[in-house]
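**Student:** Under this note's numbering, read the sequence shown as residues 23 to 125, first letter to last.
Ideal placement from N, C-alpha and C gives every residue a C-beta, glycine not left out.
All of these numbers come straight from a predicted model, not from anything done at the bench.
Quick one: structure below, then a few questions.
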Amino acid sequence: MTAAPVEASDAEASAGAFDPAVPYRLSESVSVRPESFGALVYDFNTRRLSFLKTKPLVRVVEALAHHDDVHGALTAAKVPAEQRDQYLRALAGLAQAGTITPR
């Protein structure tokens with residue numbers, strides 16, 4: 023399965039769409055609890071409970087705060103090149119939900 027890369031157009035970027043070229047971090051209102059499958063994510067503002075379904079995705083989310091862009095976090099978490107588009111889509115969903123936010 024091949025997926026198109028996630029890239030924000032100028033209009034989307036100005037509207038707050040996910041842009042992997044900028045730095046992100048875990049939202050201040052979010053708590054992450056590691057679990058055997060990945061992690062539980064709770065947002066204290068929205069009271070939304072969600073899941074990070076794999077430990078590698080947890081590593082990427084944790085690495086976001088330490089890198090200049092999303093690509094750096096993917097590299098640090100050792101995400102293989104052929105899986106990057108899949109992770110970018112997952113991160114875009116986390117950004118849309120407010121779980122991660124631009125720094």
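One question on the structure: do Ser7 and Gly120 come within less than 9 Å of each other, judged by their Cβ atoms?
**Tutor:** Here the chain comprises residues numbered 23 to 125, so residue 7 is not present and cannot be evaluated.
**Student:** On the three-state DSSP scale, how would you describe Asp107?
**Tutor:** Note: Asp107 maps to helix in three-state DSSP.
**Student:** Do Asp107 and Val44 have their beta-carbon atoms positioned less than 9 Å apart in this structure?
**Tutor:** No, the pair does not count as a contact, with Cβ atoms beyond the cut-off.
**Student:** Provide the residue(s) that pair with Phe73 in DSSP beta bridges, ordered along the chain.
**Tutor:** For Phe73, which the question treats as bridged, DSSP gives the partners Leu62.
**Student:** Going by the beta-carbon positions, is the gap between Tyr64 and Ala117 smaller than 9 Å?
**Tutor:** No.
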